[in-house]
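Order-wise, the sequence lines are chains D, H, V, Y, P, X and E. This note's numbering applies: residue 1 is where the first sequence begins, and numbers increase by one. This note's numbering applies: residue 1 is where the second sequence begins, and numbers increase by one. This note's numbering applies: residue 1 is where the third sequence begins, and numbers increase by one. This note's numbering applies: residue 1 is where the fourth sequence begins, and numbers increase by one. This note's numbering applies: residue 1 is where the fifth sequence begins, and numbers increase by one. This note's numbering applies: residue 1 is where the sixth sequence begins, and numbers increase by one. This note's numbering applies: residue 1 is where the seventh sequence begins, and numbers increase by one. The beta carbon of each residue, even a glycine, is placed where N, CA and C say it ideally should be. Since the model is a prediction, treat every value here as computed from it, not as a measurement.
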Amino acid sequence: MTGTIPLQYFLIISTLMFFTGIYGFLTRRNLITMLMSIELILNSVNINFVAFNRFLYPENLHGHFFSLIVIAVAAAEAAVAIAIIINIYRNFRSIDVDKVDEMKF
Amino acid sequence: MKAIYNYIKEILQGIWTLLTGMRVTAKYFFTPWKHVTQQYPENRDTLKIADRFRGEVIMPHNENNEHKCTGCGICEINCPNGSIEIITKTLVNEEGKKKRAIDQHIYHLGMCTFCNLCIKACPTGAIVMGQRFEHAVWDRTLLTKVLNQPGSKIMEGVKE
Amino acid sequence: MTNEALIAAITGIEAEANTLAGPQFVETTVPLAGFHAFMKKIKEDPALSFDYLICVTGVDRAETLQMVYHLESTTHKHLLVVKVHTADRTTPVVPSVADLWPTSEFHEREAYDLLGISFSNHPDLRRMFLDDNWGYPLRKDYKDDIHIVSR
Amino acid sequence: MNSEILFFMLSGMIVIFSILTVTSRRILRAAVYLLFVLVSTAGLYFMLNYNFLAAVQLTVYAGGIIVLIIFSILLTSHISERAEMAGRFQGLMSALATVAGAALTLITILKYSFPEKSVTEMPSDVKNIGRALVSYNENGYALPFEVVSILLLAAMIGAIIVARKENMAAKGNKK
Amino acid sequence: MDELKEVMITNDEIRTDEYLINMGPQHPSTHGVLRLLVQLEGEIVHNVQPHIGYIHSGIEKMAESLSYPQLGHLTDRMDYLSAIQNTEAVALCVENALQVEVPERVKYIRTIMAELSRLASHQLWWCVMGMDMGALTTFFYGLRDREDILDIFEETCGARLTLNYNIPGGVMFDIHPNFQRDVKAFIQKFKTKLPEYERLLSGNVIFTERTKGVAYLTKEDAIAWGVTGPTARASGFACDLRKHRPYSAYDKVQFKEILSDVGDTYTRYQVRMAEMWESISIIEQLIDNIPEGDHAVKMKGVVKLPEGEFYQRVETARGEFGVFIVSDGKKNPYRVKFRSPGFSNLFAINHIAKGWKIADLVAIMSTFDLVIPDIDR
Amino acid sequence: MAFNIYDFTTFTKSIHDGLSSQLSPTAVLAIEWTIVGLAYLLFVALFGLFLVYAERKVCAAFQQRLGPMRVGPWGLLQTIADFIKLLMKELITPKNADKFLYNLAPFIVIIVSFLVISVIPFAPGLVTFDFDIGIFFVTAVSSVGVIGILLAGWSSNNKYSLIGAMRSGAQIVSYELSVGLSLITMIILAGTMQISGIVEGQRDLWFIFKGHVPAVIAFFVFVIAGTAETNRGPFDLAEAESELTAGFHTEYSGIKFAFFFLAEYINLFIVAAMATTVFLGGWMPLHFGDFEGFNQIMDLIPGLFWFFFKVLAVMFLMMWFKWTFPRLRVDQILNLEWKYLLPINLFNILLMAAVVLFGLHF
Amino acid sequence: MGIIKKKQDIEINDYPILESHEGGSIIMAKLDDLVNWGRSNSLWPLTFGTRCCAIEFMAVGASRHDMARFGFEVARATPRQADLIIISGSINYKMAPVLKRLYDQMADPKYVIAMGACAVSGGPFFYNSYSIVKGADHVIPVDVYVPGCPPRPEALLYGMMQLQKKIRRERNYSRKKKEK
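Here it is in structure tokens:
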């Protein structure tokens with residue numbers, strides 16, 4: 001179904017998405033939104049993998065599997081991150097990174 | 001092993017109680033002709049209202065437009081929440097004797113609690129409970145009624 | 001316990017109590033000062049053990065305000081009516097018995113709400129049915145021309 | 001022609017919503033924008049004929065991670081809260097860095113000539129994916145698969161332990 | 001504004017992961033206009049504050065300006081599900097004060113009517129309980145069978161709910177000629193329906209799981225909080241006035257006082273279900289033996305009580321109902337106090353609902369069988 | 001096989017060919033999409049209204065009453081009246097609500113329902129998408145629906161809504177597992193995830209008979225978990241009327257509420273349709289081995305009829321549940337899932353694998 | 001005695017049609033008719049009950065009288081989705097603001113039935129009661145008054161039919177501008 005769309009288009013999309021994620025990660029102060037920025041970054045990487053796989057090496061499925069594994073890792077990462085965030089919230093009443101400056105609680 | 005046995009037994013017992021409940025509802029579902037619903041506006045002709053049902057206070061008039069109310073006001077006193085107001089007038093009969101008579105027997109249907117105390121207290125049986133219940137109105141003032149009909153007179157022979 | 005024995009027992013506890021057998025129950029009027037101690041004794045005395053507080057009523061007796069406590073013993077099955085008066089109509093205070101019978105907390109709140117009797121040592125004395133700025137409707141001198149339509 | 005329209009729709013959504021994700025000050029809205037980004041990405045995968053991957057993307061990302069994130073937002077923030085952003089200087093610097101990085105990458109991508117597509121194509125149907133996932137020969141992924149399963153298990157246990165409440169007091173007055 | 005103030009005061013006291021919700025005044029599970037301020041942590045109830053007064057109608061004040069026969073019209077509207085027993089209490093109180101002995105027939109009729117009313121009340125409780133637990137069909141089954149009782153009421157008393165049937169000195173009307181036949185027919189029918197209730201709800205595993213072992217009320221607490229009725233009997237507090245201080249014709253019938261010492265939600269449910277069987281048996285014992293006689297003694301036109309204080313207790317479907325009349329010898333009472341069962345029962349809720357889930361709170365309220373106008377008066 | 005007059009493939013194909021000969025491919029695609037979209041919209045609207053009516057009639061019959069009677073013959077127009085009323089009703093957005101999310105939530109719920117319907121085959125040839133991952137697609141898409149509920153609960157700025165949403169979130173997320181696993185059990189038996197393949201595999205015998213014990217267990221697990229996933233009684237904690245007034249849609253009025261209302265019934269249909277497709281043979285008629293005469297008689301009944309007959313039967317079962325059982329408590333819901341359904345399911349998968357491996361199925 | 005069973009009796013409290021479609025657009029009038037038909041046949045009540053009348057309201061919903069025949073059985077617990085408040089019982093001064101708020105929370109169009117003596121006029125609590133509002137129409141506008149204490153279920157059904165009649169006469173789109 002890709003028709004005449006060149007590979008570069010996919011890469012441009014993923015680049016934009018990647019750097020939006022970076023920007024979010026740098027400017028956000030809230031742990032959850034930072035987590036969401038990371039998800040954006042991971043997702044853009046996935047697009048790259050899949051696009052390379054489909055356009056350059058369709059004879060095997062390496063990119064596809066890499067994406068699968070990245071998704072699985074992302075899920076694990078989100079689960080642990082959110083557990084930590086909830087715990088931080090319980091102790092600090094805030095999920096703002098600036099306010100979570102002491103490691104002892 | 002025992003634990004597994006209990007686990008399975010628990011599940012099966014639970015399912016059995018659920019099925020018992022479902023049997024009850026199913027019994028009624030599959031006998032829909034046994035429904036107990038009365039279709040009110042359609043069944044107005046056959047609707048059974050008990051003889052003693054207290055739907056409203058009425059004052060029966062006979063064919064000569066006469067009633068039994070003397071205007072004594074006992075019902076007004078006995079009414080716990082003032083649903084009845086008696087307005088009397090003084091009649092002068094042929095012999096020149098002054099006699100108290102009912103002018104307006106005002107009945108606030110919207111306030112009445114149908115406690116039957118006025119009927120019980122009425123010495124002449126002038127008021128009784130009617131069974132009509134379709135009183136809903138759009139305007140609350142319509143619920144204030146005058147029970148004695150215009151131009152009605154007291155029946156002969158009714159003593160106070 | 002028979003009525004006579006009950007009267008004797010109560011007079012033993014509180015000499016100043018005016019105890020007599022009423023038409024139905026034994027009734028006793030206790031002076032305000034020793035009221036709480038009296039209630040505590042009749043609850044804890046094993047021969048009396050009035051552990052069930054049926055009902056608490058406030059009555060406006062024109063010159064005094066009166067609290068009436070209906071008590072029953074679930075073990076001995078006898079009943080007692082305890083009355084206590086307070087002559088002060090502006091700031092009437094009666095000791096609370098909520099520490100003895102938790103249920104009285106709410107009956108007392110009701111009496112506070114409707115009659116304006118406050119209870120000392122009450123854990124949570126607030127208006128119950130009515131707003132804070134409402135009068136005390138069950139007092140005989142209560143007037144409310146706005147809300148009440150008199151007959 | 002059709003696929004181009006679809007592609008531009010999806011990529012437009014991706015770009016717009018990812019920018020909204022990182023700029024929205026309402027956290028839950030940001031999460032919803034992220035959901036849109038992820039669903040659009042799944043759309044791209046469908047376009048590329050990787051149906052299985054797209055479905056995984058929907059299940060895990062949209063149905064799993066976003067639900068998790070929304071849950072944690074529900075637990076930790078109130079509707080009237082607005083997320084705090086970085087200061088103006090830091091924001092400006094971040095934006096500059098991002099734009100510079102993006103420009104550099106884009107130039108590289110556009111300049112680089114990618115090799116030609118190979119002719120043979122491996123259909124990405126469920127059968128092939130399943131075979132590859134559990135085989136241990138050349139194109140097999142048994143090892144990564146197992147590693148990821150262990151990772152997931154570890155993450156699950158870790159998450160449970162981290163999030164567990166210390167005091168389980170006040171649990172029924174009389175039991 | 002007042003509302004806000006209250007919430008603000010309590011907000012200071014609550015812990016940070018707790019929050020307050022307001023159940024009521026309009027809420028499906030409060031069965032009226034009770035307002036519960038519930039302090040929750042997640043789903044767990046930490047504190048329940050009942051706020052009442054949303055249906056307070058000043059009945060005690062009004063009673064001071066009514067004559068004794070007129071009192072019945074107000075007590076009917078307090079606990080409308082126990083209208084018969086409420087008026088019975090007033091009638092008994094006045095009769096006791098006047099030393100009037102009512103005919104045997106009246107006693108029998110009163111007892112049968114009271115038990116029918118108890119059945120109707122328990123049926124309504126059962127169907128509302130099911131509805132609160134989410135089983136909507138019970139609502140329809142319970143009310144379906146309740147209509148049969150209401151038909152009997154309508155035939156004899158002329159109304160369905162607020163009957164004003166017991167008056168000082170007797171009953172308003174003699175029983176309808178069809179009364180005995182109808183009651184027997186109803187009992188026969190209801191005996192087949194009651195096991196159906198049990199099958200539908202009591203045995204259901206979801207129901208038992210939700211109620212068994214939930215929200216215990218101990219006997220000591222029940223006595224201390226003044227909890228009465230089936231609620232207290234489930235905790236082992238033998239408080240059935242029909243048994244312990246019999247009035248009307250209760251000394252002439254054999255029946256068991258249903259007692260249990262468990263005191264959880266399920267027991268409170270079971271006690272009421274068992275009480276329905278007892279009510280049936282009481283009615284069966286009396287229905288064929290109604291003695292002939294007058295349906296009321298002739299009272300004076302104006303009833304005046306001697307000076308003094310009179311207290312009468314009866315057992316309504318919800319517990320002990322008391323009428324305390326202070327008379328100064330006039331035709332109006334000087335002071336009337338109604339000791340309503342729901343009032344004392346309600347405030348035990350906070351004590352037993354703590355630590356249970358919000359769904360349990362709803363079930364607890366159901367098993368307490370609250371009628372709010374009875375509490376608020 | 002003889003030419004089947006009930007097959008819709010020829011019908012759809014002729015439309016497609018007719019259009020293609022006249023117009024450009026893009027236009028054909030656009031027209032076909034529009035037709036299909038409108039058809040689904042019409043189907044969902046009408047069938048949703050019918051389901052609401054059916055539910056009301058069924059529950060009335062369970063409760064010994066009549067149900068809607070006075071609007072149209074036997075009350076058939078009742079739900080149309082309701083629909084008109086809801087359409088013309090004022091839309092309220094509460095103060096302090098997050099307006100964007102508040103308005104978005106009902107659409108997420110309903111769009112997800114639409115997406116799932118698109119892969120369900122109603123009759124031979126009457127299906128929009130036929131993926132090779134069909135079943136997986138269903139679980140994937142339906143897992144997004146809960147987001148709508150969560151958003152609705154949060155954005156209403158109402159505590160009842162929030163509690164309802166949290167409950168519903170916990171419930172749906174856990175029960176998705178059971179739905180998925182019970183479907184996987186059947187995939188083992190079918191050997192394919194493609195829905196057309198699954199239906200085709202049941203030509204001679206439905207899977208619930210073919211897989212006997214594990215299939216029956218899977219069927220019941222699926223129906224229970226499916227009921228839970230649609231937030232219907234006895235799992236209607238999210239809108240538990242006696243506890244949370246109306247749960248997550250407490251603040252919704254008018255047509256937005258109607259969307260939630262409709263989505264509940266569409267989801268009901270989806271669960272029933274999935275149960276039908278996977279367990280009860282989709283549009284396949286009832287066949288028994290070698291009873292040729294019987295099989296031929298069954299063949300005479302059109303596939304569409306078979307499909308809807310089975311769907312309605314499953315739906316009736318779920319309505320029966322709803323109108324009989326009390327509601328579960330929130331911890332019981334999770335207990336049921338994690339202590340009962342999940343272990344049973346896992347065991348069942350093993351059982352099914354053994355059955356398939358050793359060829360013990362029919 | 002006995003009930004007067006005449007067919008025309010049901011029209012006893014009927015009111016004449018006030019305005020016709022003259023001068024207005026026929027299409028708008030038809031639309032009005034359609035909308036009114038929908039509204040009048042789908043009155044979802046709020047589960048709101050204060051006193052004894054609430055029990056009779058429940059009886060109306062139950063099997064014997066079955067409000068569902070009219071399509072009214074979808075009782076909503078939240079005011080946002082309800083069309084109709086049936087004020088079943090007395091309203092006191094503490095409850096009146098709550099009732100007002102409930103009414104304000106409902107989405108238009110909304111209707112109110114005052115059921116029973118308490119809601120119509122204060123009923124048994126009219127005299128000498130310090131806390132009861134003398135009629136719910138002092139708080140919110142009432143469309144139909146159903147007297148009775150409590151009214152029997154048929155009486156409430158009759159009241160609901162009166163309300164339907166009232167709704168069918170509403171003009172939303174085809175209102176003729178009145179010259180003044």
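Contacts of residue i in chain H (Cβ-Cβ under 7 Å)
i             : result
residue 296/X : Under the 7 Å cutoff, chain H gives no residues; its nearest Cβ is about 31 Å from residue 296/X.
Among the options, the one whose alpha carbon lies nearest that of residue i
i             : options                    : result
residue 3/V   : 48/V, 34/V, 69/V           : 48/V
residue 302/X : 282/X, 293/X, 230/X, 313/X : 282/X
residue 94/Y  : 17/D, 71/D, 23/D, 93/D     : 23/D
residue 112/X : 37/X, 53/X, 134/X, 146/X   : 146/X
residue 246/X : 167/X, 336/X, 289/X, 345/X : 167/X
residue 82/D  : 28/Y, 88/Y, 73/Y           : 73/Y
Residue i versus residue j: straight-line alpha-carbon distance, rounded
i             : j             : result
residue 77/Y  : residue 84/D  : 16 Å
residue 49/P  : residue 18/D  : 53 Å
residue 379/P : residue 53/P  : The displayed coordinates of chain P run from 1 to 377. Any statement about residue 379/P would go beyond what the structure contains.
residue 301/P : residue 114/H : 20 Å
residue 121/V : residue 309/P : 29 Å
residue 81/P  : residue 313/P : 17 Å
residue 38/D  : residue 21/D  : 6 Å
residue 144/P : residue 58/E  : 11 Å
residue 231/X : residue 128/Y : 37 Å
residue 321/X : residue 62/X  : 11 Å
residue 9/X   : residue 133/P : 49 Å
residue 367/P : residue 335/X : 25 Å
Listed by chain order, chain E residues near residue i by CB distance under 7 Å
i             : result
residue 151/V : 127, 128
Where residue i meets chain Y, residues with beta-carbon distance less than 7 Å
i             : result
residue 140/X : 55, 58, 59, 63
Any non-hydrogen atom of the ligand ADP closer than 7 Å to residue i Cβ
i             : result
residue 127/Y : In the structure on display, the ligand ADP does not appear, and there are no ligands present to speak of.
Listed by chain order, chain A residues near residue i by CB distance under 9 Å
i             : result
residue 158/E : No chain A is part of this structure, whose protein chains are labelled D, H, V, Y, P, X and E.
Listed by chain order, chain E residues near residue i by CB distance under 9 Å
i            : result
residue 65/V : What residue 65/V touches in chain E: nothing, since even the nearest Cβ is about 19 Å away.
Inter-stretch contact (C-beta, 8 Å, three-pair minimum) for the region 103-115 of chain X and the region 99-109 of chain E: no
If contact is defined by three or more beta carbon pairs under 8 Å, each pair taking one atom from either stretch, is the region 90-104 of chain H in contact with the region 13-30 of chain V? Contact between the region 13-30 of chain V and the region 90-104 of chain H is absent, because fewer than three Cβ pairs lie under 8 Å.
Count the CB pairs spanning the region 136-144 of chain E and the region 69-76 of chain P that are closer than 8 Å, and state whether there are at least three. Taking 8 Å as the limit for Cβ pairs, the verdict is that the region 69-76 of chain P does not touch the region 136-144 of chain E.
Stretch pair the region 79-91 of chain P + the region 12-32 of chain Y: three plus CB contacts closer than 8 Å: Too few Cβ pairs lie closer than 8 Å, so no.
Quick one: which unbroken alpha helix (DSSP H) runs of 4-plus residues sit fully inside the region 43-131 of chain E? Chain order, please. Within the region 43-131 of chain E, the complete alpha helix (DSSP H) runs of at least 4 residues are 52-61, 96-105, 116-121.
Are the region 48-60 of chain D and the region 40-58 of chain Y touching, with three or more C-beta to C-beta distances below 8 Å? The region 40-58 of chain Y and the region 48-60 of chain D touch, with three or more beta-carbon pairs separated by less than 8 Å.
For the region 111-122 of chain E against the region 76-95 of chain E, are there 3 or more C-beta pairs whose distance is under 8 Å? yes
Runs of alpha helix (DSSP H) lying entirely within the region 65-92 of chain V, each at least 4 residues, in chain order: Considered as a whole, the region 65-92 of chain V harbours no complete run of any alpha helix (DSSP H) with no fewer than 4 residues.
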